[in-house]
Each structure stands twice: as structure tokens, then as C-alpha cells.
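Here the structure is laid out as C-alpha cells; the discussion comes afterwards.
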Amino acid sequence: MPAAHPPEFRRRALDLVAQGAAVAQTARDLGISESCLRNWMNRDAVDSGRKAGVTTDEHKELVELRRRNRVLKMEIEILKRASAYFARENVLPK
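Encoded structure:
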């Protein structure tokens, strides 16, 4: 996977396209693929509210919440197994 470009680079590329430069030519001039530049354009449109979708901040939050949910589910499973184990040990023979 290629290295990520800094936000300033992305902003400059988007500004060039917004000023009327052709997407394909701008991508070639900057040494990135046209699809990469179009993805940046789509992401910028969503983040600025011009297009419907999940913003970058919402996506980061969603990823973090899913990760936290996964950890909590694992912790619950461990606690269930531990309580079942200790419940079996506490049963006294008659």
C-alpha cells in the first residue's frame, strides 16, 4: 500500500481541481492515480455536506465504537465462563 499523502497535499490537489484543472491532468502532474484523486473529491464532498454519506469523523468514531463493542463482548464472554466455572466448584455433594 502506498504511503498516505499529507492533508496539505490533498487540499492542494482538491483546490487545483476546484479552480477548473482537469482531474486526469492534475493527477498526472501530482504523481497520483486519477481514481485516488476522485476518491479524495468524493470524501471532500461528503465531509463538506455537498454529498450524502458518512463523514471522516463519523467513520473514525464508528470504527472506534465497533472495536470497543468487540472488546466488551469478549469481556462478557470471559465473565460468563468464569462464573460458570466458579458455580460448578461451589456445588457441595449431598
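Heads up, the sequence shown is in the working numbering, so the first residue is 674 and it goes up one at a time.
Ideal Cβ placement from N, Cα and C applies to all residues, glycine included.
These numbers come from a predicted model, not from an experiment.
Do residue 716 and residue 699 count as a contact pair if the criterion is CB distance below 8 Å? Taking a C-beta distance under 8 Å as the contact criterion, residue 699 and residue 716 do not qualify as a contact pair.
Which word fits residue 752, buried or exposed, when buried means at least 16 other C-beta atoms lie within 10 angstroms of its C-beta? exposed
For residue 741, name the three-state secondary structure that DSSP assigns. helix
Buried versus exposed call for residue 683 [16 or more other C-beta atoms within 10 Å across all chains shown]: Answer is buried; the Cβ neighbour count reaches 16.
How long is the line joining the alpha carbons of residue 722 and residue 713, rounded to whole angstroms? 14 Å
Under 8 Å by Cβ, that's how I've got residue 711 and residue 696 pegged, so tell me the actual separation to the nearest angstrom. 6 Å
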